[in-house]
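Protein chains: 2
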Amino acid sequence: MAPTEKTDLLQGTLDMLILKIVALGPVHGYGISQRIRQISKEVLNVQQGSLYPALHRLEKRGWLSAEWGDSENGREAKFYKLSAKGRRQLAQEEASWNRLSEAVELILGAAQQEA
Amino acid sequence: MAPTEKTDLLQGTLDMLILKIVALGPVHGYGISQRIRQISKEVLNVQQGSLYPALHRLEKRGWLSAEWGDSENGREAKFYKLSAKGRRQLAQEEASWNRLSEAVELILGAAQQEA
DNA sequence: CCGCAACCATAGATTATCTATGCATAGAAA
DNA sequence: TTTCTATGCATAGATAATCTATGGTTGCGG
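From first to last, the protein sequence lines are chains E and A. The first sequence begins at 37 in this note's numbering and counts up one residue at a time. The second sequence begins at 37 in this note's numbering and counts up one residue at a time.
Structure follows, in structure tokens:
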């Protein structure tokens, strides 16, 4: 019930995470969620109900392109590739993340100060 | 218009930031937003429409207690103090933040790997 | 044949934050 | 004295992100 426990990821980072995974090489949707989980050591768990709408959103914005193909398990899967526009977007989002997370760290690192 | 630019803070961190600031000593609402802005070097800017509802939420959950008093500028202001429960909550949220932000860093740090 | 993992997808609920607005007062500036 | 700005609290409504809950298909191991 505690708000921090029911959140599987930090709001606002999903697009960046997806773009980053796709930047590592073409991959299908299901594989993206697997890699995010694996690389994050089981900490980040993207729900399918978050993943697929996000992928469609990113594609619609021209940051990803999609193409049907065969997965490693011999099944139909939609593979995504990063576009040049997507690469620029990823860079921007990384910069923004760094800026914001550093700012949060500043607050968390703030020590008691006497009046 | 880009989603990352219109965000003044990372979603989900506001409660933690407020609790942390209040943990530094009793402070009124307006002062909380000022300190967040100052300590974060003008990066984080909490809107009043986000701040006050958040304060009421935190108070209702028993993490903060409020009391009217006089501000440094001789004006009526509501001062907030952290409760024991709030202190525990803050610790939890910090732990959660660390876990999640480290996970994000793992993804961002992931390098190309050959198949 | 049955069940599960792999794959895609959408609808609706929940919730956080922002924008826009409103009000009141102290002090500086004009 | 009037006016503007900063200080201070507050709410309503819009926006948007993510989750929960579904639903479906197919390949493979038991």
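Where a beta carbon is used, it is the ideal one built from N, C-alpha and C, also for glycine.
Secondary structure of residue i, DSSP reduced to three states
i, result
"leucine 46 of chain A", "coil"
"glutamate 138 of chain E", "helix"
"tryptophan 19 of chain A", "In the structure as shown, chain A begins at 37 and stops at 151. Residue 19 of chain A is therefore absent and cannot be evaluated."
"leucine 91 of chain A", "helix"
"valine 63 of chain E", "strand"
"leucine 80 of chain A", "coil"
"isoleucine 54 of chain A", "helix"
"alanine 147 of chain E", "coil"
"alanine 38 of chain E", "Unreliable positioning characterises alanine 38 of chain E in this predicted model, as indicated by a pLDDT of 28, which lies under 50. A coordinate reading is not provided."
Neighbouring residues, chain A, relative to residue i (Cβ below 9 Å)
i, result
"arginine 135 of chain E", "Val79"
Own chain, CB closer than 7 Å to residue i, minus 5 neighbours either side, in chain order
i, result
"tyrosine 88 of chain E", "Gly65"
"threonine 40 of chain E", "Low confidence applies here, because threonine 40 of chain E scores a pLDDT of 32, under 50, leaving its location unreliable; read the following figure in that light. Here the set comprises nothing."
"arginine 73 of chain E", "Leu80, Asn81"
"alanine 90 of chain E", "Leu50, Asp51, Ile54"
"tryptophan 104 of chain A", "Glu112, Lys114"
Own chain, CB closer than 8 Å to residue i, minus 5 neighbours either side, in chain order
i, result
"glutamate 46 of chain E", "As written in the sequence, residue 46 of chain E is leucine, which differs from the glutamate given in the question. So the list is empty, once near-sequence residues are dropped."
"leucine 136 of chain A", "none"
"alanine 127 of chain A", "none"
Residue(s) in a DSSP beta bridge with residue i
i, result
"alanine 113 of chain E", "E:Gly105"
"leucine 118 of chain E", "E:Leu100"
Closer than 8 Å at the beta carbon, the chain A residues around residue i
i, result
"serine 76 of chain E", "Ala139, Val140, Leu142, Ile143"
"leucine 53 of chain E", "Val140, Ile143"
Cutoff 6 Å; reference residue i; Cβ partners in own chain excluding five residues on either side
i, result
"glutamine 125 of chain A", "Trp99"
"tyrosine 116 of chain A", "Val58, Leu100, Ala102"
"aspartate 44 of chain E", "Asn81"
"glutamate 130 of chain A", "none"
Interface partners of residue i on chain E, CB under 8 Å
i, result
"isoleucine 72 of chain A", "Ile143"
"lysine 56 of chain A", "Ile143, Leu144, Ala146"
Proximal chain E residues relative to residue i, where beta-carbon distance stays under 7 Å
i, result
"glutamine 84 of chain A", "Under the 7 Å cutoff, chain E gives no residues; its nearest Cβ is about 18 Å from glutamine 84 of chain A."
Where residue i meets chain A, residues with beta-carbon distance less than 7 Å
i, result
"glutamate 130 of chain E", "Leu144"
How do the segment 93-100 of chain A and the segment 76-85 of chain A stand: do at least 3 beta-carbon pairs fall below 8 Å, yes or no? no
Can you find at least 3 beta carbon pairs, one from the segment 54-65 of chain A and one from the segment 112-126 of chain E, that sit closer than 8 Å? With contact defined as three or more Cβ pairs closer than 8 Å, the segment 54-65 of chain A and the segment 112-126 of chain E are not in contact.
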